[in-house]
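Residue numbers (my numbering), protein chains in the order written: chain A, 37 to 312; chain B, 95 to 565.
Using N, Cα and C, we set each Cβ at its ideal position, and we do this for glycine too.
These notes are about the structure you will find just below.
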Amino acid sequence: MTSNKPIVVENPWERLRAFTDARIGLGRAGVSLPTGKLLEFQLAHAQAQDAVHCPLDVEALAQQLQEAFALEHEPLRLHSQVEDRAMYLQRPDFGRRLNDDSRERLEAVASQSRVDLAVVVVDGLSALAVQQNSQPFLKALYQQFEQDSAEWQLAPLTIVEQGRVAIGDEIGALLNADAVLVMIGERPGLSSPDSLGLYMTWAPEPGLKDDRRNCISNVRPAGLQMDEAARRLFLLLKEARQKKLSGVKLKDRSEDNVLEGDSAAPGSTQNFLVSD
Amino acid sequence: MAQTFQTTLGSRHYRFRSLAELMAKATPARSGDRLAGVIAESAEERVVAQMVLADLPLTTFLNEALVPYEQDEITRLIIDDHDAEAFAPIRHLTVGDFRNWLLSDQATSEALSDVRSGITPEMAAAVSKLMRNQDLILVGKKCRVVTAFRNTIGLPGRLSTRLQPNHPTDDVTGIAASILDGLLYGSGDAVIGINPATDNVAQSVKLMRLMDDVIQKYQIPTQSCVLTHVTNTLEAIEQDAPVDLVFQSVGGTEATNRSFGFDLSILAEAEAAAQSLNRGTVGRNVMYFETGQGSALSADAHHGLDQQTCEARAYAVARKFNPLLVNTVVGFIGPEYLFDGKEITRAGLEDHFCGKLLGVPMGCDVCYTNHAEADQNDMDNLLTLLGVAGCNFVMGIPGSDDIMLNYQTTSFHDALYARRVLRLKAAPEFERWLTEMQIFQDVKTHQLNDQLPAAFANSLRHLPKEPRHDV
């Protein structure tokens, strides 16, 4: 009945995991997942589900950003019309609009003259992403502004709880901003519970659709690096300002950067599979 | 002119103000229709709506457009392309009779194929609302839609897979590692398809070259696709990039597609451009579309329709452009549209059925996100059901974990499970290749080779010693 062959067949290419977080080389029992790999997956899924329900510590984040960037005022703390997480998950329409109190407070601080950009930090589906990555990303972004020859006038920084991407449209409009940048926690992946998404929209106003936005995703320490994300975002922003538009009509043409951070030589698609 | 639809049940009188309302209220419950405010107000009202719907003649859908003809190019496509001759054999049926006919022995694979161009998406959606899951599976299995490019997809007894080697920074070695893993588990006959991390023409061209190099070196009878915006792929073709398939996400209303940044004329241009490259060897199907219930509502472009009817209309867009592959990304959109495993399962079966009935080469991304009430067991169930229903293809990704798009879909292992328990095979050209490359010891019994095949063992010797990025 028994044979000397091992029950679980290991994959000799498992060492390729040094090059990707993808779950490759898992081995197999028959054609199925070995028990250890199965349970690793179950644990990651359990943690990701938990991350969705963890609330943003908005007070700590506001303080952290104020201190880090020596802001005169603490970032403005806003809230969508969503009351709790269960409602957030099922009613995205409420997550796209500010509650009355937030709207009134924004109107009170809005500048009468136009500003170039409003930056809006939103918890989204991963408070962890926002908590960890907001400060390092903003630091990289502010450096881009400082190095640029043109003058950039920024609206007061805002932080939104229980928000969706489109809530930035209302905030940008109320703050008289030519463009809005929404930094939002993306839905957690099994290997990336901390991924930040960046959405830039020219001429924000309530009711805009997604074809008016440009997106850069997977901004996190093990994904797209902060400096690179800031550089790409800034290029988009400059082009948006020049052409007075954003979205699908504004292609990401940061061609020289597509190969950075790659394991292949610049300009090359060389890899072990096609080497001779 | 809009009519009203009504009936009396016991002492209660039910009245539905429009065909759209009747369709929405007849739809099995799901969160997206609740979000849109079109869901039935009670379980009883839902079944009453189904009863009223069952008595409607199919011709109702030719006379009453759910989205006005003047406002929507997809309505115009549906009406203008309707084939009255093909419709003739079922013209006299009500929606309820249509269900009976579909299940009957008269509705052979050939008969279903013959009436296909006479069926509108709204007729398909309407009848699906009266069908149980087993009905959707039974009729779905009878519908055959076969397409080809470098291999043949959708033949009876076959289940193909899209190898999806996504990487969060499009790292070439990381992508190559996932491609190798997939090929060695027998995945990739539908397509090797990458979602790029950023929407960028240069990056897309680079990924096209990477996949083309691999396909050529190992002489793999399959095709590649970068899932970037259609206008990016058009630019890539202008730059002489090796484009096999053109991708686009499509929805069921003109306004949805405008929110995606395209219209039908752009798809026509793209199909012609890709066909002009003549890169297929056994067929000329060059388009790859993705769809999913909820996209129209998400774009605020649903015209008061339920999400399943909008989804069926997306298949009218798809079938116009002779795609090689179409799949619903059923659980990707999130719990505000499909709340849990039960709703995702139902939607996956509906989408497969409606697509196949309309002649679309339907596959399914059997998937869920981490904020939905679903897990691997739900995916096992849907994968098995779709395998039974004769689904053309599913996704294949290392360990079910898409590290770029942050969701879970079927793994290479999952596809082999389905092939084993349901005795399904890969596309014939690809199956031969799996044997020639010694990836399988016995491809008929799905016995993988315990040893690393020689061609790939050689490639692994070219691995860089140290990765340049930290994990």
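Note that the C-beta distance between residue 409 of chain B and residue 551 of chain B is not below 9 Å. In this structure, residue 250 of chain A lies away from residue 227 of chain A, with their beta-carbon atoms at least 9 Å apart.
If you draw a straight line from the Cα of residue 547 of chain B to the Cα of residue 277 of chain B, it is about 11 Å long. Out of B:159, B:155, B:160, B:199, the CA that lies nearest to the CA of residue 181 of chain B is found in B:155.
Look at residue 288 of chain B: its C-beta is not under 9 Å from any C-beta on chain A. Runs of the beta strand (DSSP E) lying entirely within the segment 79-140 of chain A, each at least 3 residues long, are 112-115 in chain order. Pairing residue 443 of chain B with residue 419 of chain B gives a Cβ-Cβ distance that is not under 9 Å. Less than 9 Å separates the beta-carbon of residue 107 of chain B from that of residue 100 of chain B. Residues of the segment 420-447 of chain B with a C-beta less than 8 Å from any C-beta of chain A: 428, 429, 430, 433, listed in chain order. Residues of the segment 254-271 of chain B with a Cβ closer than 9 Å to any Cβ of chain A, in chain order: 259, 260, 261, 262, 263, 264, 265, 266, 267, 268, 269, 270, 271.
For the pair residue 353 of chain B and residue 247 of chain A, the CB atoms are nearer than the 9 Å cut-off. In this model, residue 260 of chain A and residue 266 of chain B are separated by some 14 Å (Cα to Cα). In the displayed model, residue 475 of chain B falls within a helix according to three-state DSSP.
Using a Cβ-Cβ cut-off of 9 Å, residue 218 of chain A does not count as an interface residue toward chain B, since no Cβ of chain B sits closer than that to its own.
When the beta-carbon positions are compared, residue 88 of chain A and residue 134 of chain A stay at least 9 Å from each other. Classified as buried, residue 494 of chain B has 16 or more neighbouring CB atoms from the shown chains inside 10 Å of its CB. For a cut-off of 8 Å, the C-beta gap from residue 210 of chain B to residue 452 of chain B is around 7 Å, short enough to register as a contact.
Shown here, residue 398 of chain B sits in coil according to DSSP, grouped into three states, outside any helix or strand. Put simply, the CB of residue 127 of chain B is far from chain A, with every gap to its CB atoms at 9 Å or more.
As the crow flies, the alpha-carbon of residue 149 of chain B is around 36 Å from that of residue 474 of chain B. Contact note: residue 354 of chain B reaches chain A through 247, using a C-beta cutoff of 7 Å and chain order. Under the 10 Å beta carbon count, residue 243 of chain A is surrounded by fewer than 16 other beta carbons and is classified as exposed. Residue-level contact check: residue 379 of chain B does not touch chain A, since none of the beta carbons of chain A fall below 9 Å from its beta carbon.
Residue contact with chain B for residue 152 of chain A: absent (no Cβ-Cβ distance below 9 Å to any residue of chain B).
Rounded to the nearest whole angstrom, the C-alpha separation of residue 114 of chain B and residue 274 of chain A is 45 Å. Residues of chain A whose Cβ lies closer than 8 Å to the Cβ of residue 408 of chain B do not exist, since the nearest Cβ in that chain is about 17 Å away.
Against residue 463 of chain B, the close residues of chain A are 223, in the order they occur along the chain (beta-carbon pairs closer than 7 Å). For residue 331 of chain B, same chain residues with a beta-carbon under 6 Å away, outside a window of 5 residues either side, are 337, 367 in chain order. Your pair residue 466 of chain B and residue 425 of chain B checks out as a contact, with CB atoms roughly 6 Å apart and the cut at 8 Å. Among the residues of chain B, those whose CB is under 7 Å from the CB of residue 48 of chain A are 546, following chain order. CA-CA distance, residue 455 of chain B to residue 325 of chain B, rounds to 23 Å. Remark: fewer than three beta-carbon pairs, one from each stretch, lie closer than 8 Å, so the segment 73-90 of chain A and the segment 173-183 of chain A are not flagged as touching.
Apart from the 5 residues on each side of it in sequence, residue 103 of chain B sits with its Cβ closer than 7 Å to the Cβ of 142 in its chain, given in chain order. If you check the CB distance, residue 257 of chain A and residue 164 of chain A do not come in under 9 Å.
Restricting attention to B:135, B:158, B:116, the CA atom closest to the CA of residue 145 of chain B is found in B:116. Distance from the CA atom of residue 445 of chain B to the CA atom of residue 103 of chain A, rounded to whole angstroms, is 52 Å.
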